[in-house]
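Q: Before I ask anything, here is the structure I am working with.
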Amino acid sequence: MVPRLHTVSAQRRRLLAALGLSSLAGVLASACSPVALLNGAAPSDTYRRTSGIAYGELPRQRLDVYRPTASGADAPIVVFFYGGAWRHGARGDYLFVGEALAALGCVAVLADYRLFPEARFPAFVEDGAAALRWARDHAAEHGGNPRRLFVMGHSAGAHIALMLVTDERYLAAAGMQPRELAGAIGLAGPYDFLPFKSRRTAEIFDPPERWPRSQPINFVSGHEPPLLLMTGGDDDIVDPGNSTRLAAKARGLGGKVELIRYPGEGHRSIIAALAAPLRERYRVQADIAAFIARQGSAALDAAQV
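Read left to right, the sequence shown gives residues -31 to -1, 1 to 274 (mature numbering (1 follows the signal peptide of the UniProt record, and there is no 0)).
What follows is the structure, encoded as C-alpha cells:
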C-alpha cells in the first residue's frame, strides 16, 4: 500500500488560517465545536460512507464504513474506537478520522459501543470484539482484505483496542484470535492506570475485584500482533507512561512494538492531527500509514507461508 496523503487546497488553507485553524492549538481553542470544524473541513471526495450498520442487537451496536473512492478489493481494513472516558462519544463525531484512513487507501470502520452508566466494564470491550468480528466477516463486501485487519483507538478507545489484543478472552468469545489481526494502533491510551485517580473512573470498572482485569498491561505476553503506540509528550489527561510501560513490557517479552512520542502534543491534539487541514504539518497520519503498510504486507506474506 502506497500512502496517499491528501493535499489541502490553497483556498481551504487560507480559509482555515483566517479562522485560526492552521494549527492544532487554533482548532482546540476555537469558540466553535472543534469536532464540527474538523469534520467540516474534511474532503468529501476521498470516501464513500455506509452508515448505521448493525453489528449487534443493541442500539449502541452500530458502525459506519468509509470505503476509499479509489480502492480495489484488497485494502487494509481499520476498525476505530473513539475516546470519551467510556462515558461519551458517537461515531459520527469522527468523520474526519474515517476520511483520514480512507485517504490512505484503507477501509475504515468506526463503531459505537455501550457507555457508562448504561454499561460497565467489560461490556464496551465485548462490543469492540463484536465489531472486529463483523469487520473480519464483511471485509470483502467493502473492498477490504480480512488478512490486513487492524484495530485502532484513541484514549478510552485505545484502551478497548489494546484490551482486545492482550486479553485473548474477548476475541475468543467472538470467534476470533488476536493473531488474526495485522496490528493494533493506540493513540494516547490508558493501559496501566491503577490506582484510579477518581471515583468517577473507578465506578466504570467496579466491583474492585475486577479492577486488575481492566488493565491491558496485565495481559501482555509478547504474542500480541504488532503494536503502534502513539502519545503526546504534553498529555495531561492520560499519562504518556501508560504507553512507555506497556511498550517496555511487550518488548521485554519479545513482542513487536513501535513507540512514538510527539513532543508538545496533548491528549486531544494527537487525534485532531488526523484532520485534513492539519495533517500536512503533523506526522500522525504519515506514521500510521507507514505502520499499516509495513504490517499489512507482513501479514500477507505470513499468510502465504
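Glycine included, each C-beta is placed from N, C-alpha and C at the ideal position.
Buried or exposed: which applies to Ala71, given that a residue is buried once 16 or more other Cβ atoms fall within 10 Å of its Cβ?
A: For the purposes of this step, residue 71 is taken as the residue at position 102 of the sequence shown. Buried is the call here.
Q: Looking at the strands, I want to know which residues DSSP matches up with Arg31.
A: Residue numbering aside, residue 31 sits at position 62 when the sequence shown is read from its first letter. Arg31 is bridged to Ala23.
Q: CB Gly152 to CB Gln264, shorter than 8 angstroms?
A: Residue mapping note: residue 152 aligns to position 183 of the sequence shown, counting from 1. Residue mapping note: residue 264 aligns to position 295 of the sequence shown, counting from 1. For Gly152 and Gln264, yes; Cβs fall inside 8 angstroms.
Q: Can you name the start and end residues of the alpha helix (DSSP H) that Gly221 belongs to?
A: Start at 1 with the first residue of the sequence shown, and residue 221 comes out as number 252. It spans 210 to 221 - the alpha helix (DSSP H) in which Gly221 sits, taken as one unbroken run.
Q: Which whole-angstrom value describes the C-beta separation of Tyr251 and Ala242, a residue pair presumed to lie in contact below a C-beta threshold of 8 angstroms?
A: Residue numbering aside, residue 251 sits at position 282 when the sequence shown is read from its first letter. Residue numbering aside, residue 242 sits at position 273 when the sequence shown is read from its first letter. Correct: roughly 4 angstroms between the Cβ atoms.
Q: Compare the Cα-Cα distances from Ala255 to each of Ala171, Ala80, Tyr231 and report the closest residue.
A: Indexing the sequence shown from 1 puts residue 255 at position 286. Of Ala171, Ala80, Tyr231, the residue nearest in Cα terms is Tyr231.
Q: Do Phe49 and Leu79 count as a contact pair if the criterion is CB distance below 8 angstroms?
A: In the sequence shown, the residue the question calls residue 79 occupies position 110. In the sequence shown, the residue the question calls residue 49 occupies position 80. It is a contact, given that the beta carbons lie within the stated cut-off.
Q: Can at least three beta-carbon pairs, one atom from the segment 85 to 103 and one from the segment 173 to 186, be found at a separation below 8 angstroms?
A: Counting Cβ pairs under 8 angstroms, three or more are found: they touch.
Q: Does DSSP put Leu64 in a helix, in a strand, or in coil?
A: On the sequence shown, position 95 is the one that residue 64 refers to. In the structure shown, Leu64 sits in a helix (DSSP, three-state: H, G or I).
Q: Just checking my contact of Leu215 with Asp136 at CB under 8 angstroms: how many whole Å lie between their CB atoms?
A: Residue 215 sits at position 246 when you count from the first residue of the sequence shown. Residue 136 sits at position 167 when you count from the first residue of the sequence shown. Rounded, the Cβ-Cβ distance is 13 angstroms, inconsistent with contact.
Q: Using 8 angstroms as the threshold, is the C-beta distance between Ser124 and Gly97 below it?
A: If you number the sequence shown from 1, residue 124 lands on position 155. If you number the sequence shown from 1, residue 97 lands on position 128. Cβ atoms of Ser124 and Gly97: not closer than 8 angstroms.
Q: Between Lys218 and Ile261, is the Cβ-Cβ spacing less than 8 angstroms?
A: As a position in the sequence shown, residue 218 is number 249, starting the count at 1. As a position in the sequence shown, residue 261 is number 292, starting the count at 1. Not a contact, by the Cβ cut-off of 8 angstroms.
Q: Output the residue ranges of the beta strand (DSSP E) runs that lie fully inside the segment 150 to 179 and measure 3 residues or longer, sorted by chain position.
A: Runs found: 152 to 156.
Q: For Tyr231, which residues does DSSP report across the bridge?
A: Within the sequence shown, residue 231 is the residue found at index 262, counting from 1. According to DSSP, which records beta bridges pairwise, Tyr231 is partnered with Gly201.
Q: Would you give the residue range spanned by the beta strand (DSSP E) that Val207 belongs to?
A: As a first step, residue 207 must be located in the sequence shown, where it is residue number 238. It is not in any beta strand (DSSP E) - Val207 carries neither H nor E in the DSSP assignment.
Q: Expressed to the nearest angstrom, what Euclidean distance is found between the alpha-carbon atoms of Ala130 and Asp205?
A: As a first step, residue 130 must be located in the sequence shown, where it is residue number 161. As a first step, residue 205 must be located in the sequence shown, where it is residue number 236. Their backbone Cα atoms lie some 21 angstroms apart in a straight line.
Q: Leaving out five residues on either side along the sequence, give the residues of the same chain with a beta carbon under 8 angstroms from the beta carbon of Ala99.
A: Taking the sequence shown and counting its residues from 1, the one referred to as residue 99 is at position 130. Excluding sequence neighbours, Ala99 sits near Tyr24, Gly25, Gln30, Ala143.
Q: Mind checking which residues open and close the beta strand (DSSP E) that includes Ile46?
A: For the purposes of this step, residue 46 is taken as the residue at position 77 of the sequence shown. Segment 44 to 50, the beta strand (DSSP E) holding Ile46.
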